[in-house]
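Q: If you're matching them up, the sequences are chains A and B in order.
Position 108 (the first sequence) corresponds to 107 in numbering that gives the first Met the number 0; numbering is contiguous.
Position 208 (the second sequence) corresponds to 207 in numbering that gives the first Met the number 0; numbering is contiguous.
Quick reminder that beta carbons are idealized off the backbone N, C-alpha and C, glycines included.
The structure that follows is given in the form of structure tokens.
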Amino acid sequence: MDVDLREVDRIIETHGRDRQALLPILQDVQRLFRWLPPEALRRISDVTEITPADLDGVASFFPMFRDTPGGRHTICVCDGTACHLKDAERVFDASLKALDIAPGADTDARGQYTVQKVQCLGCCTLAPAVQIDGITYGHVRPDTVLEMIEDFERATAAAADEKGRPRPLPDAPPEIRICLDSCCIAGGNGRIRDVVDETLARYRLPAVVKPVSCVGLCHLLPLIEIAVPDEEIYTYTKVTTDAVSDILLRHIPPPGAFGRLRAAAERRLEKLYAGESESPVRRVAPREPDITHFLNIQCRIATEHSGETNPADLEEYIRLGGFAALRRCLDMAAAEPGAPLNGDAIIDVIEKSGLRGRGGAGFPTAEKWRIVRNAVNSTKYIICNGDEGDPGAFMDRMLLESFAYRVIEGMLIAAAAVGAEQGIFYVRSEYPMAVERTRLALDQCRNAGLLGDNALGDGRFFDAEVREGAGAFVCGEESALIVSLEGRRPSPRFRPPFPAYSGLNGKPTLVNNVETLAMVPWIFRNGPEAFAALGTPTSPGAKVFALAGKINHGGLIEVPMGMTIRQIVEEAGGDVTEGHTFKAVQIGGPSGGCIPASLADLPVDYEALTEAGAMMGSGGLVVMDDTDCIVEMARYFLEFTQMESCGKCVPCRVGAAQLLTMLDNLCAGRGDTVDLDALTRLAEVIQQQSLCGLGKTAPNPVLTGLRHFRDEFEAHIHGRCPAKKCRPLLTYTIDADTCIGCTKCAQACPSGAITATPYEAHLIDQETCVQCNGCVDVCPVNAVKVE
Amino acid sequence: MPRLKIDGREVDAAENATVLEAAREAGVAIPTLCHHPETGALTSCMICVVRNAAAGKTLLACASAAEEGMDIVTNDDEICALRRDTLALLLAEHAGDCEGPCERACPAGLRVPQMLRRLQQGEGADAATIAREDLIFPGILGSICTAPCQKICRRGQYDQALAIRACHGGAAETFPEKLEQPQPASGKSVAIIGAGLAGLAAARVLAQHGHACRLYEREDRVCPGLDDSIPDAIREAEFAFLKIWNVATFLATDVDMNESGQSESVMTLATCLEENDAVILAIKDAETPNHERIIGAREETMPVRAVAAGKRAAWRVQALFAGEEYQEKRMFNSRLGRLEENDLEAYAVERKERCHECEGQHALFMVSRAGMNAAPDGNASELSCAAQKEAARCLHCDCLQPTTCKLRLYAEEYGVTLGGKRNLPHRIILPIERAGAILFEPGKCIKCGVCIALTRKYGIDPGMTIAGRGVKSRVRAALGATLQAGLGSVAEACVRACPTAALAFENESHCEQP
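As structure tokens, this is what we get:
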């Protein structure tokens, strides 16, 4: 393909020629050409300030940048924690196979599709999830991959033809509330919304569709709520497309007698043809006990008004008390026009609330703000860290998609407190909707005068922009994030100096997590005492968790700190699947650890978790049952951190790789080569000697595993996997008494390991068996025994 | 000026000094690999870890400011263990041998790669000197050595092992030794019992150092067990030192090992001890009596082992005379080991390129060597020319800076051991790159970042960069540029700053160093 350098020049013109433009330029070039052609890179280095060394270092660092041309569409198979537990690997393999992609390649011969794994799409409750060019699919199975691709092709072929004539609407029309966050769309809400639109148009129903913020009931998708004025709110869960017209017509009568008749007739005809009597829709009136329970134990601070408000409606946000907190802060900190604000007053309130950073380490927010405030420098920055790289967490994505105004308000308050004039939202590019909605929200705020020249009153300027990350877990580390914004390889810096003293461009920089900022407005509206009253003395307030794994109700929850793990799993999560036992929770993602069921009464706060060897981390909470293997889980996380290690310091670069090799050996039946003492020592060296948080916490999954489940590690050394998860350690045999001789297993066996004579007991040849589990899946009488 | 304690001593640090600078100012050494005075702290090697006992925390000396009240401990057990384990990780990805496998395999420690480099560069006389220093009798061994070096030669994995034995044999023959005067007489004398290769090797080393040697042999000629097929010319040339340096040789003289038996007619061990300052027992199958002045040098069946035993005995005598404790020391050695098939290609590609002219010369050399043995008056220049071409086949697995590589020195100092379940290799073998006289072996690079920082500092365009991430990251010239362009005008500074021999001058080999 010819590379049109004029296009490259155009991109450079949009983003500027200084070093900081590096990442945005590369992202646009990648989007345009679907790879980074060398000619384009050379052009960039020729005409900008960016050095070839930085260009090469950055371009080769991020997996989203390709050095070979990619396909027209990209199929991203999520390999986050929840998806991994639900066999994402097989979906990945099936996708390669479905597109006939050659071994070792990632793009099909026609250049149509590139298949790749991504760390986490943040749709953990829909695991396994796949994203094709921004369209997310949930619950994908190896055998539905083709169907998914066909659906994608249909969707892209059908030009978005807007439907419906204008409908007469009453003043306060009934609302059909539907969440259109990225994972809800993937969970089916997207299609339901289309059908709702169609139905409204078809019957000219006097109602509006209102996109609302997420309620976090991911396990009940697709989900709509009908809010007719002066009536109770009805929630419908697991809605099918067929049921939509029934639901709508039940609550909203079509206008005019003729319309009602037509609707009735058509529906009768439809039913006649379809041969069904009643649609299987699950009606909840108004809210069923398990939902109520899921919702009632929650405590909405960052996610206040969830399920009620339109994420893109600034007026509504203001009507519900939005930006009141900012006004109160500006009053509190009032100073002579032209003089700097008295930020100390604001910080005192935060201090009183006891708010701690929600990014993972739990650093007191007030303290951080004070350092930046006291730094003597005319330029200060605020960065909202939305580079949520933890492969089992999606709270930052949801907060930005549903509550962007709240985060912006939090940032404005922080700006008033520390005296900053420029803010940056650093958001993962894997979250296209979060990026888009944040941008949109910023534009609306700017138009409404909430950002810009008078943002902080009396001519005090503040504005913010969105910068996209390029897919690196290490960028969540504040110093790496800053280096990356400066257009360098995102390798962490040695701290001190901390960014609060010397950050972006050497200026004092406040880096706060999305959730931290989202907590701030509530504190000012309800008072710091109210916040401090929630949670535990050292960890006040509430915390948002992404609850996933082997539980009945996965989803996004916000609960008061100090709630026990058991409460979260049993009450919010609705307990583990029937027939299985709760074994452990993995908390804090790759930096955290496994907490065994025996410690389930542990209250969730920063100190208690650290004590138990885990950590709060970003708030991923993956529940494991008796079929999940702790060693395999540790291996999975190490594989992640090893891949995400920037490679700067040797303990993390080589140590993590060595640790992974040891765990690989344990899971692959080479356990006799592993010495647990050596493994422990290596983990300790990595913990002590690594430069940044990524390396220092990388061994946590291994160390907590060893601490609470040492016997499982020992079993692997002796070639046994107690959870029967590590397939190379398993032996598959057929029970001759149970086997009915149907030969199904032999047909399914990919390696021809099963000799099957019809109507006689079949035999598995252990030498040839590749432990794929295929025979177990197809055997109609459960004759295949796994040991 | 902040005042702090370093290893218990009160130190006044300069304003804005780092802990490392303060320590160095106070004369306390802290090891560093990625530290360079021109680049600021790169914090990649993590070797400079020290503990601030006042805060109970470890910190990096190169990046931490020296602060009032610090109590720095630079090398207690915990710190040393951290450094040792971190060095082991660095070495796990350091793909290279400190000494070539051939050199390591040779019992007498022949510096094979250096010798071959000399041969390759047409400096046959220097090659012969190296061979003589290490093997004592390179000509004789050139005929009869079992050549463990060739069995392990990495080139053998690729096509055919180098004819190392033929090379040192040929060099010794073509460039005969001009025996110089030994060192001035030391006034000490040594009795050597047994004139096999071990005894003779000991005699040669000791005589060279000016010690009077008395050599006793039961048979009527020296080295009676030596293969008859060895041409007389070689034998005469290599044993010539006995006459020229006046080594007293007593043939057909049995030495009675029974200490007490003193007799006029028969030589006894006791007499030897009485008449000499030391005795070397260089005979087969004899127990060495426990006596500080009696040193054993077992005459081994494998010739090169016998030579090695003789050399070692001579060194022990030297140490005895100097009043020092003799310590047999083999430095730490990073081993690359056997390469996988695909690694081998990457490993050999540039190395092979360097000697493309010599393809096919290998067989020729073997033939010519065989001819030389039969006709000792053959054409010497032809022989050395063939040897030169054969030497050019060497892959040079060794290190160009084995005595200055900081990684090796620290590994030695902190007692790093490799292998076993504790340390798994994580190495990537990539072809060597070249910029004029500078070689870059990516496998040996520890990604310290010094060359990158230097090229950045001096504005080299395109400069060096680190590409990729994690364990797969590697240092390279940016945007596909050549190494020459990447290093630019600071190439030499980068070579000197490189803590390993990843960047090295091709000709700055340790054969030039004593």
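Along chain A, in chain order, which residues have C-beta atoms closer than 7 Å to that of residue 498/B?
A: The contacting residues do not exist; residue 498/B stays about 12 Å from chain A at best.
Q: Quick one, which residues of the region 443-465 of chain B are near chain A if we go by CB-CB under 8 Å, in chain order?
A: From the region 443-465 of chain B, only 445, 446, 448, 451, 454, 455, 460, 461, 462, 463, 464, 465 have a Cβ closer than 8 Å to chain A.
Q: Just how far apart, CA to CA, sit residue 281/A and residue 572/A?
A: Per-residue confidence for residue 281/A stands at a pLDDT of 42, beneath the threshold of 50, marking its modelled position as unreliable; the derived number appears in the next sentence. In a straight line, the C-alpha of residue 281/A is about 20 Å away from that of residue 572/A.
Q: Closest by CA to residue 643/A, which one among 408/A, 119/A, 229/A, 508/A?
A: The shortest Cα separation from residue 643/A among 408/A, 119/A, 229/A, 508/A belongs to 119/A.
Q: Helix or strand or just coil, what does DSSP make of residue 44/A?
A: Looking at residue 44/A - three-state DSSP - the assignment turns out to be helix.
Q: Determine, using beta carbons only, whether residue 61/B and residue 40/B come nearer to each other than 7 Å.
A: In contact: residue 61/B and residue 40/B (Cβ atoms closer than 7 Å).
Q: Could you tell me which chain B residues have their CB closer than 8 Å to the CB of residue 144/A, listed as they occur along the chain?
A: What residue 144/A touches in chain B: nothing, since even the nearest Cβ is about 29 Å away.
Q: Would you say the region 169-189 of chain B touches the region 110-128 of chain B, given that touching needs at least three Cβ pairs under 8 Å?
A: The region 169-189 of chain B vs the region 110-128 of chain B: in contact.
Q: Of the residues 193/A, 588/A, 621/A, 42/A, which one's Cα is nearest the Cα of residue 208/A?
A: Minimum Cα distance to residue 208/A is reached at 193/A.
Q: Taking the runs of the alpha helix (DSSP H) that are 4 residues or longer, which of them lie wholly in the region 83-153 of chain B?
A: Segments of the alpha helix (DSSP H) lying fully in the region 83-153 of chain B: 100-104, 111-119, 123-134, 137-143, 147-151.
Q: For residue 561/A and residue 524/A, I'd like the C-alpha separation in whole angstroms.
A: Looking at the two C-alpha atoms, the distance is approximately 23 Å.
Q: Quick one, are the C-beta atoms of residue 653/A and residue 34/B less than 7 Å apart?
A: Cβ atoms of residue 653/A and residue 34/B: not closer than 7 Å.
Q: Hey, residue 182/A and residue 117/A: beta-carbon distance below 7 Å or not?
A: Contact flag unset, no.
Q: Just to confirm my understanding: we take residue 15/A, look at its own chain, exclude 5 residues before and 5 after, and list those with CB closer than 6 Å. What are they?
A: No residues qualify anywhere along the chain.
Q: Would you check if the region 122-132 of chain A and the region 478-485 of chain A touch, i.e. whether three or more CB-CB distances between them fall below 8 Å?
A: Cβ pair count under 8 Å is below three, so no.
Q: Between the region 101-113 of chain B and the region 416-431 of chain B, do three or more beta carbon pairs fall short of 8 Å?
A: Flag = no, the region 101-113 of chain B and the region 416-431 of chain B do not touch.
Q: Residue 749/A versus chain B: which residues are under 9 Å apart at the beta carbon?
A: What residue 749/A touches in chain B: nothing, since even the nearest Cβ is about 27 Å away.
Q: Taking only beta-carbon atoms, is residue 7/A less than 7 Å away from chain B?
A: False, the Cβ-Cβ gap to chain B never drops below 7 Å.
Q: Near residue 400/B, what residues of its chain come up, given a Cβ to Cβ distance below 6 Å and the 5 sequence neighbours on each side ignored?
A: 500, 503, listed in sequence order.
Q: Going by C-alpha distance, which of 544/A, 553/A, 551/A is nearest residue 559/A?
A: Checked all of 544/A, 553/A, 551/A; the closest Cα to residue 559/A is 544/A.
Q: Can you give the beta carbon distance from residue 123/A to residue 306/A, rounded, assuming they're within the 8 Å contact cut?
A: Not quite, the Cβ-Cβ distance comes to about 19 Å (not below 8 Å), so this is no contact.
Q: Roughly how many angstroms lie between the CA atoms of residue 485/B and residue 37/A, to the nearest whole one?
A: For residue 485/B and residue 37/A, the distance between alpha carbons rounds to 17 Å.
Q: Quick one: give me the first and last residue of the beta strand (DSSP E) that residue 464/A is part of.
A: 462-467 is the span of the beta strand (DSSP E), which, as asked, contains residue 464/A.
Q: Tell me the residue span of the beta strand (DSSP E) that contains residue 504/B.
A: Where residue 504/B is concerned, the enclosing beta strand (DSSP E) stretches over 502-504.
Q: Strictly under 7 Å for the Cβ-Cβ distance: is residue 12/B near chain A by that measure?
A: Chain A, which has no Cβ nearer than 7 Å to the Cβ of residue 12/B, makes this no.
Q: Would residue 95/B count as contacting chain A if we go by Cβ distances under 7 Å?
A: Judged by the 7 Å Cβ criterion, residue 95/B is not in contact with chain A.
Q: Hey, does residue 92/B have any beta-carbon neighbour from chain A nearer than 7 Å?
A: Yes, its Cβ sits closer than 7 Å to a Cβ of chain A.
Q: Determine, using beta carbons only, whether residue 350/B comes closer than 7 Å to chain A.
A: So no, residue 350/B is outside the interface.
Q: Once the 5 residues before and after residue 171/A are set aside, which same chain residues still bring their CB inside 7 Å of it?
A: The residues are 228.
Q: Residue 636/A to residue 327/A, Cα distance in whole Å?
A: Rounded to whole angstroms, residue 636/A to residue 327/A spans 44 Å at the Cα level.
Q: Measuring alpha carbon to alpha carbon, tell me which of 392/B, 157/B, 317/B ends up nearest residue 339/B.
A: Checked all of 392/B, 157/B, 317/B; the closest Cα to residue 339/B is 157/B.
Q: Taking all protein chains shown into account, do 16 or more other C-beta atoms lie within 10 angstroms of the C-beta of residue 727/A, making it buried, or fewer, making it exposed?
A: Classification of residue 727/A: exposed, given that the 10 Å Cβ count is below 16.
Q: State the beta-bridge partners of residue 624/A as determined by DSSP.
A: Answer by DSSP bridge pairing, in chain order: 581/A.
Q: Could you give the DSSP three-state label for residue 520/B: helix, strand or coil?
A: Since the displayed chain B opens at 0 and closes at 513, residue 520/B lies outside it and no answer follows.
Q: List, in chain order, every chain B residue whose beta-carbon is nearer than 7 Å to that of residue 18/A.
A: Correct list: empty, because the minimum Cβ distance to chain B is about 12 Å.
Q: Given residue 480/B, which residues of its chain have a CB within under 8 Å of its CB, disregarding the five upstream and five downstream residues?
A: Within the same chain, residue 480/B has close Cβ partners 461.
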